[in-house]
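Q:
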Amino acid sequence: MKKVVFPLLLMFSLLFANVSKANVILTLDTPAQDAALGDLVAVSLMIDGLGDGVPLSLSSFDVNIAFDSSSLSFAGYNLFGGLGNLDFFEAFDTSFGDLGGGLVNISEISFLSNVDLWSFQPGSFALAELFFTVDAVPSASNVSIDGAVLFDVNGDLINITGVNNTSITAVPNPAMSMLMGLGLLVLLTRKKMGH
């Protein structure tokens, strides 16, 4: 049921909204470090190409993010203050979170005016941070934007001209590698002694 919401929202939005002239890029960004089994890895959802203190501002977003559920599990998310303060009812978290099957939905809507949003939205900022737990090593798991809808305060669609995805590389930690190597050495030594 939840997987149907995004396409229906997109279809409804396209029927009644104009497309703004902005050209924004969405980026998934993760630190360039290798992760070990059980590590929690943060992935930032970034937007670039807004007005930087002048029109155009982002008023709402709805983004689906796909990940490899055979090597990662979704552990949660945080929304940042780019659309207003969630605690003071300036913005509302409308995310579905984990949709299952390696898909996460992150969405937010702002109740602020254009002038309010222009005053604190830079041209590039983080919308959210997602957290994944590494469940399998070694692995290289893609984390990618599976669909996105962005709106300005007037309800016009914001044109997305580019998407930059990321991957999480998971490797055995050094202690685990040493234990595996020691185990192989013991097996080889026993095999030689047995013959």
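To convert, count from 1 in the sequence shown and add 18; that's the numbering used here. Beta carbons: idealized from backbone N, C-alpha and C, even for Gly. All figures in this text were calculated on a predicted structure; none of them were measured in a lab.
1) Measuring CB atoms only, is the stretch 151-171 touching the stretch 112-119, in the sense that at least three cross pairs come out at less than 8 Å?
2) Phe143 lies in the beta strand (DSSP E); which residues open and close that run?
3) Taking the C-alpha atoms as reference points, what is the distance between Leu46 and Ser137?
4) Determine, using beta carbons only, whether Gly102 comes closer than 7 Å to chain B.
5) Can you grab the Cα-Cα spacing for the pair Thr187 / Thr179, in whole Å?
6) Quick one: what's got a C-beta closer than 6 Å to Ala60's C-beta in the same chain, skipping five residues either side?
7) Could you pull out every unbroken beta strand (DSSP E) segment of at least 3 residues lying fully inside the stretch 41-66, listed in chain order?
8) How is Val133 classed by DSSP in three states: helix, strand or coil?
9) By the three-class DSSP mapping on this structure, what secondary structure does Phe98 have?
10) Starting from Thr187, follow its DSSP beta bridges and name the residues at the other end.
11) In this structure, does DSSP put Phe92 in helix, strand or coil?
12) Which residues in the same chain as Leu32 place their Cβ atom closer than 8 Å to its Cβ, once the five residues preceding and following it in sequence are excluded?
13) Short check: CB of Ala181 to CB of Ala53, under 7 Å?
14) Let me know the secondary structure DSSP gives Phe138 once reduced to three states.
15) Three-state secondary structure (DSSP) at Leu121?
16) Is Asp164 helix, strand or coil when you go by DSSP?
17) Using alpha carbons as the reference points, say which of Val189, Pro190, Asn183 lies closest to Gly85.
18) Which term fits Asn82, buried or exposed, when burial requires 16 or more other beta carbons within 10 angstroms of its beta carbon?
19) Who are the near neighbours of Ile43 in its chain, counting only those whose CB is closer than 8 Å to its CB and skipping five residues on each side?
20) Kindly identify the DSSP beta-bridge partner or partners of Asn182.
A: Once the coordinates are examined:
1) no
2) 142-152
3) 25 Å
4) Absent here is chain B; the protein component of the structure consists of one chain.
5) 27 Å
6) Glu147, Phe149
7) 58-66
8) helix
9) coil
10) Ala158
11) strand
12) Reliability of the predicted coordinates at Leu32 is poor, the pLDDT of 47 falling under 50, and the value obtained from them is presented with this limitation in mind. The residues are Leu175.
13) Reading off the sequence shown, one finds Val at residue 181, where the question assumed Ala. In this structure, Ala53 does not lie closer than 7 Å to Val181 by Cβ.
14) helix
15) strand
16) strand
17) The residue you asked about is not Gly; residue 85 is Phe in the sequence shown. Among Val189, Pro190, Asn183, the Cα nearest to that of Phe85 is on Asn183.
18) buried
19) Ile65, Asp66, Gly67, Ile178, Thr179, Gly180, Val181, Asn182
20) Thr45
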